[in-house]
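Student: Here it is: the structure, laid out below.
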Amino acid sequence: RLFEDSDKYLLYAFDYANQALRVGDDLCERLQALRSEEFEGVLRPAYQQDEWKLIVTGAMLGMAAGVAQLYLLMMG
Numbered sequence: 027r028l029f030e031d032s033d034k035y036l037l038y039a040f041d042y043a044n045q046a047l048r049v050g051d052d053l054c055e056r057l058q059a060l061r062s063e064e065f066e067g068v069l070r071p072a073y074q075q076d077e078w079k080l081i082v083t084g085a086m087l088g089m090a091a092g093v094a095q096l097y098l099l100m101m102g
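Its first residue numbered 27, the sequence shown is counted upward by one per residue in this note's numbering.
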């Protein structure tokens, strides 16, 4: 009997917590208020560990684009 109406109560609890905490709205407002340098400081630790992979991937894509252009110029 305790859990019969739990879905109704959980919906109210979720709505209340969402309105009371406003986590998404607060996060959005605070991130938008950051200067570019501060925003970079927030994001940098997230991708710093894999930064070398991004650089290598970018270099390989650039090389592939260059080879494709060279091929098209030589064949066309």
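All residues carry an ideal CB built from backbone N, CA and C; glycine is no exception.
Using beta-carbon positions only, say whether Leu60 and Val68 come within less than 8 Å of one another.
Tutor: Taking the sequence shown and counting its residues from 1, one reaches residue 60 at position 34. Taking the sequence shown and counting its residues from 1, one reaches residue 68 at position 42. Their beta carbons are under 8 Å apart, which means Leu60 touches Val68 by this criterion.
Student: Does the distance from the CB of Phe65 to the CB of Leu53 come in under 8 Å?
Tutor: Numbered from its first residue, the sequence shown carries residue 65 at position 39. Numbered from its first residue, the sequence shown carries residue 53 at position 27. No, Cβ-Cβ distance for Phe65 and Leu53 is not below 8 Å.
Student: Between which two residues does the alpha helix (DSSP H) harbouring Arg107 extend?
Tutor: This structure does not reach residue 107, given that the chain is present from 27 up to 102, and the question cannot be answered.
Student: Closer than 7 Å: is that where the CB of Met89 sits relative to any heavy atom of the ligand FMN?
Tutor: Looking at this structure, you won't find the ligand FMN or any other ligand, since it has none at all.
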